[in-house]
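Asker:
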Amino acid sequence: MRVLHIINSLGVGGAQTQCAELVNCTPRGQFDIDVLVLANDSDFSLNRLRRSDVSIAYLESDWHSGTIVDSIAEHCRRGRYDVVHTWLPMANMVGTAAARLAGVPRILASVRSVNPGNFPQWRQWWHRIGDVLAARIADVVTVNAQPLVKDHAGWALMNPRRVQVVHNGIDPSFIQEDLAAARTWLRQSLAIAADTPLIGCVGRLAIEKDQATLVRALALLRDDRVRFHAVLVGDGACEAALRALVVDLGLGDCISFLGARTDARRIMAGLDVLALTSRFEGFPNVLLEAGLLGVPVVSTDAGGVIDVLADAEGLCPCGDARAVAKALSSTIRHPERTAARAVRLKARCHEHFTADRMVAKWMALYQHGAA
């Protein structure tokens, strides 16, 4: 069976990571895989691909020329694909239309976050039109977390029963770090005491990730005389505002900005607690990676977070800095209870969110009706 993945880019992002994970784990004897990338703006996720037998092509059409759908359709005809799998809003819109024009037998659209109506800062006029069209063109519309079923069905004006949930998955064999060594290395690199509790956030510095709530929570921790150091891993549009907030709150000596890193998992392994304070999420890969590493988690209840954690301990309302501070304080002050929570999360991630399980669900969706 010939499968074509169509994705906006191979830059930084959860969708790109999951696309790479799926390609890596797709059975070679049963499927031939190609990837079509709509914009050659970054190769971050390209480095995660571990297969040399996958063809990766970049679309050369001018996005504003009106030929993008025709170009993708011609690519589909030449490849004689049995399945086209699209990722992210633009690819869902133009990819499903092109695949249908090319006569591809099976078309899947993949939605990775809450609807764009929640993001006025970057929402485009075509977002809802594109999602409504893709919902009608695709044979299957998928989301990566249970709370997104109702959210996307209402946004795309479709029956929720048509929306399939395929949770993210990661190969646990590639999420292995020596936690003790990582703790020592990270504290030495930060020049802090070996017994200093470390809190970390890993992700784009963006409005929807709401690291400002975390910074305010850290100020409350300091006022409560909880000893800690914090690291923010990642870059993005909100970095300048976050740095200014850190200065305003007098936290410059206990928060480090580490920027975009290629060793983020090693940093994560050295933390006492990973904090995620997003306002909007699909299925946050960073929680899954932390869970597989055995790192404790404190998170806001955004999108598919509850699918990962499955219990209320360490879960806080979005935007509530006081609740986040309380959860972080409890996590640091009660290490035995925190360790038990991390063990339960690790077991849950191994049971429900491995790459094998994720791939099996995708393969079933590819094969149903494809003949």
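In this note's numbering, the protein residues as written are 1 to 371.
Built from N, CA and C at the ideal position, the CB exists for glycine as well.
Can you say whether His-229 is buried or exposed, counting buried as having 16 or more other CB atoms within 10 angstroms of its CB?
Answerer: So His-229 counts as buried.
Asker: Name the DSSP bridge partner or partners of Ser-45?
Answerer: Paired residue(s): none; Ser-45 is not in a bridge.
Asker: Please classify Leu-10 as buried or exposed, where buried requires at least 16 neighbouring CB atoms within 10 angstroms.
Answerer: Leu-10 is buried by the Cβ-count criterion.
Asker: Classify Ser-278 as helix, strand or coil using the three-state DSSP reduction.
Answerer: Coil, per DSSP.
Asker: Output needed for Ala-138: all residues of its chain with C-beta closer than 7 Å, excluding positions within five of it in sequence on either side, in chain order.
Answerer: Thr-96, Ile-107, Leu-108, Ala-109, listed in sequence order.
Asker: If you run the structure through DSSP and keep just helix, strand and coil, what is His-350?
Answerer: Note: His-350 maps to helix in three-state DSSP.
Asker: State the Cα-Cα distance for the pair Val-324 and Gly-130, rounded to the nearest angstrom.
Answerer: Each residue's Cα considered, the two are about 36 Å apart.
Asker: Once you ignore the five residues that flank Arg-2 on each side, which residues in its own chain have a CB closer than 6 Å to its CB?
Answerer: Closer than 6 Å at the Cβ level, and outside the excluded window around Arg-2, lie Asp-32, Tyr-81, Asp-82.
Asker: What beta strand (DSSP E) runs, 3 residues minimum, are completely inside the stretch 266-351?
Answerer: For the stretch 266-351, whole beta strand (DSSP E) runs of length 3 or above, ordered along the chain, are 273-276, 297-300.
Asker: What residue range does the alpha helix (DSSP H) around Trp-87 cover?
Answerer: Here Trp-87 belongs to no alpha helix (DSSP H); instead the beta strand (DSSP E) covers 83-87.
Asker: Output the boundary residues of the beta strand (DSSP E) element that contains Thr-142.
Answerer: Note, Thr-142: beta strand (DSSP E), 140-143.
Asker: Measure from the alpha carbon of Thr-300 to the alpha carbon of each residue in Val-226, Arg-112, Leu-22, Pro-317, then state which is nearest.
Answerer: Per the Cα distances, Pro-317.
Asker: For the stretch 181-192 against the stretch 338-347, are there 3 or more C-beta pairs whose distance is under 8 Å?
Answerer: Not touching, per the Cβ criterion.
Asker: Counting Cβ pairs closer than 8 Å, one from the stretch 148-164 and one from the stretch 191-205, do we hit at least three?
Answerer: Contact between the stretch 148-164 and the stretch 191-205 is absent, because fewer than three Cβ pairs lie under 8 Å.
Asker: Quick one, are the C-beta atoms of Leu-309 and Ala-290 less than 8 Å apart?
Answerer: Against a cut-off of 8 Å, the Cβ pair of Ala-290 and Leu-309 comes out as no contact.
Asker: Hey, quick one: how far does the beta strand (DSSP E) through Cys-201 stretch, first residue to last?
Answerer: Where Cys-201 is concerned, the enclosing beta strand (DSSP E) stretches over 198-202.
Asker: Comparing the C-beta of Arg-161 with each C-beta of chain B, is any distance below 8 Å?
Answerer: Among the chains in the structure shown there is no chain B, since it carries only a single protein chain.
Asker: When you compare only the Cα positions, how much space is there between Leu-245 and Val-202?
Answerer: For Leu-245 and Val-202, the distance between alpha carbons rounds to 18 Å.
Asker: CA-CA distance, Asp-224 and Ile-199?
Answerer: Rounded to the nearest angstrom, the two C-alpha atoms are 16 Å apart.
Asker: Ordered along the chain, which non-local residues of its own chain (more than five positions away) have a Cβ less than 7 Å from that of Val-94?
Answerer: If we look at Val-94 and ignore the five residues flanking it on each side, its Cβ neighbours are Ile-68, Val-69, Ile-72.
Asker: Taking contact to mean at least 3 C-beta pairs separated by less than 8 Å, is the stretch 257-265 in contact with the stretch 141-149?
Answerer: No, the stretch 257-265 is not in contact with the stretch 141-149.
Asker: Where does Asp-34 land, buried or exposed, given buried means 16+ other C-beta within 10 angstroms?
Answerer: Result: buried.
Asker: By Cβ distance, which residues of its chain are closer than 7 Å to Ala-302, with the 5 residues on each side in sequence left out?
Answerer: Here the set comprises Ser-278, Arg-279, Phe-280, Glu-281, Cys-318.
Asker: Where does Gly-13 sit, in a helix, a strand or coil, going by DSSP?
Answerer: Reduced to three states, the DSSP call for Gly-13 is coil.
Asker: Following the continuous beta strand (DSSP E) through Asp-32, name the residue where it begins and the one where it ends.
Answerer: Where Asp-32 is concerned, the enclosing beta strand (DSSP E) stretches over 32-37.
Asker: As a quick exercise: from Arg-348, Tyr-366, Val-247, Met-363, pick the residue whose alpha carbon is nearest that of Pro-172.
Answerer: Closest by alpha carbon: Arg-348.
Asker: From this set, Gln-30, Gly-13, Gln-16, Leu-4, which residue's C-alpha is nearest Ala-360's C-alpha?
Answerer: The option with the nearest alpha carbon to Ala-360 is Gln-30.
Asker: Nearest to Ala-20 by CA position, among Val-305, Ala-240, Met-358, is which residue?
Answerer: Checked all of Val-305, Ala-240, Met-358; the closest Cα to Ala-20 is Met-358.
Asker: Taking the continuous beta strand (DSSP E) assigned at Arg-80, which residues delimit it?
Answerer: That residue, Arg-80, is in no beta strand (DSSP E); it is neither H nor E in DSSP.
Asker: Nearest to Arg-28 by CA position, among Asp-53, Gln-16, Asn-8, Val-37, is which residue?
Answerer: Minimum Cα distance to Arg-28 is reached at Asp-53.
Asker: Please report the Cβ distance between Phe-353 and His-167, rounded to the nearest whole angstrom; I am assuming they are in contact, meaning their Cβ atoms lie under 8 Å.
Answerer: Sure, about 6 Å apart at Cβ, within 8 Å.
Asker: Under three-state DSSP, which class holds Gln-428?
Answerer: As shown, the chain starts at 1 and ends at 371. That puts residue 428 outside it, with no answer to give.
Asker: Should Trp-125 go down as buried or exposed, given a rule of 16 or more other Cβ atoms within 10 Å for buried?
Answerer: Exposed, because fewer than 16 other Cβ atoms sit within 10 Å of the Cβ of Trp-125.
Asker: Excluding the five sequence neighbours on either side, which residues of its own chain have a C-beta within less than 6 Å of the C-beta of Ala-134, listed in chain order?
Answerer: Excluding residues within five positions, the ones whose Cβ falls inside 6 Å are Asn-92, Met-93, Thr-96, Ala-109.
Asker: Taking the C-alpha atoms as reference points, what is the distance between Leu-292 and Phe-174?
Answerer: Cα-Cα distance, rounded: 10 Å.
Asker: Tell me Ser-256's beta-bridge partners as DSSP assigns them.
Answerer: Ser-256 pairs with Val-231.
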